[in-house]
Amino acid sequence: MTPNQTFATPPSPPSSHSASPTADSSRTNTLIITQLPAAFFAPAIQEALRDYFALYGAIHAWAPLKAFSRVLLVYYSEDDAERAKQSCDRLIVGSTQTSPEMTLRVYRADPTPIRQAPKDGMDDHYLRPPPIEKNFLISPPGSPPVGWEQIREEPPNSAPLADDLISALRKLEVEAVHHHHGSGLEVLLEPQEGVGIGVYVEDCDSGEEEGEVEEDWVYGETSPARAKWRPMSTSRPPMSQAVGA
């Protein structure tokens, strides 16, 4: 069972330390409660400690930091934080069976800005969803817009080709095949009335096969002045005869 904790109100501070902040102190809405033992971070004691500090005003954030033996406390109002600081600093906590009597220390911390989301419209300090035209490009996609309904997609086009496409394909067909003897040219497509594009194919394998002659080419022309180099055969080195025992 969690031991009960009692909080004793410290004596009233001197008149020079009133409830209002002193001249050399800065106004803040953030306090730090330090020197807390490990037992104070139990859920029941944390709840009781939070309820005690909530008596001075509404609490915006309560962050226990067990590793640092402290609690970070943020009020909505700076006046509430100052009253809690003046009243709870050097607060005496009664002893229990497991812990002796101790004194809490409460210090001022840097102010914490509090931004509340507006009731109407979007807040510029928060991320916004992408616009509708780009919403379907993210993965996974967002929710469809209001009123959107799934439509049935049409099947692939099964209609025959258009007449103009058929006419263009027919022009690409072989109109005439003429073999020109001696030249080895084969006409696949001849321009109409001498105007247009003609397709000619030359069979390089037709006719008498010429012997393969190695030529030395320089800038697209043969150079007879260059001596043709052919690798010379290397003679086999003599091998020693094995003498039988």
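Letter 163 of the sequence shown, counting from 1, is numbered 1076 in the numbering used here, and no numbers are missing.
Glycine included, each C-beta is placed from N, C-alpha and C at the ideal position.
Close Cβ partners of ALA974 (< 6 angstroms) along its chain, the five nearest in sequence each way excluded: The sequence position of residue 974 within the sequence shown is 61, counting from 1. Contacts found: VAL987.
Separation of TYR1113 from SER1146, as counted between CA atoms: Here residue 1146 refers to the residue found at position 233 when the sequence shown is read from its first residue. Here residue 1113 refers to the residue found at position 200 when the sequence shown is read from its first residue. Approximately 46 angstroms, taken between the alpha carbons.
Euclidean distance between Cα positions of ALA976 and SER1008: The sequence position of residue 976 within the sequence shown is 63, counting from 1. The sequence position of residue 1008 within the sequence shown is 95, counting from 1. Going from the Cα of ALA976 to the Cα of SER1008 covers about 24 angstroms.
Outcome for VAL1059 when other beta-carbon atoms lying within 10 angstroms are tallied against a minimum of 16: Against the sequence shown, residue 1059 aligns to sequence position 146. Taking every protein chain shown into account, the CB of VAL1059 has fewer than 16 other CB atoms within 10 angstroms, so this residue is exposed.
Boundaries of the alpha helix (DSSP H) in which ARG996 is found, first to last residue: If you number the sequence shown from 1, residue 996 lands on position 83. For ARG996, the uninterrupted alpha helix (DSSP H) segment begins and ends at 991-1001.
Coil, strand or helix - ILE1064 by DSSP: Counting from one through the sequence shown, the residue named residue 1064 turns up at place 151. Residue state, collapsed to three classes: coil.
Contact the segment 949-964 vs the segment 989-1004: 3+ CB pairs below 8 angstroms: With the cut-off at 8 angstroms, the segment 949-964 and the segment 989-1004 do not touch.
Under 8 angstroms between C-beta atoms of LEU985 and CYS1001: For the purposes of this step, residue 985 is taken as the residue at position 72 of the sequence shown. For the purposes of this step, residue 1001 is taken as the residue at position 88 of the sequence shown. No, Cβ-Cβ distance for LEU985 and CYS1001 is not below 8 angstroms.
Own chain, CB closer than 7 angstroms to THR1025, minus 5 neighbours either side, in chain order: On the sequence shown, residue 1025 is found 112 positions in, with the first residue counted as 1. Result list for THR1025: ASN942, THR943, VAL987, in chain order.
ILE1079, DSSP secondary structure in three states: Taking the sequence shown and counting its residues from 1, one reaches residue 1079 at position 166. Residue state, collapsed to three classes: helix.
For ARG983, the nearest candidate out of LYS998, PHE953, SER1012, ILE1005 (CA to CA): Position 70 of the sequence shown holds residue 983. Closest by alpha carbon: PHE953.
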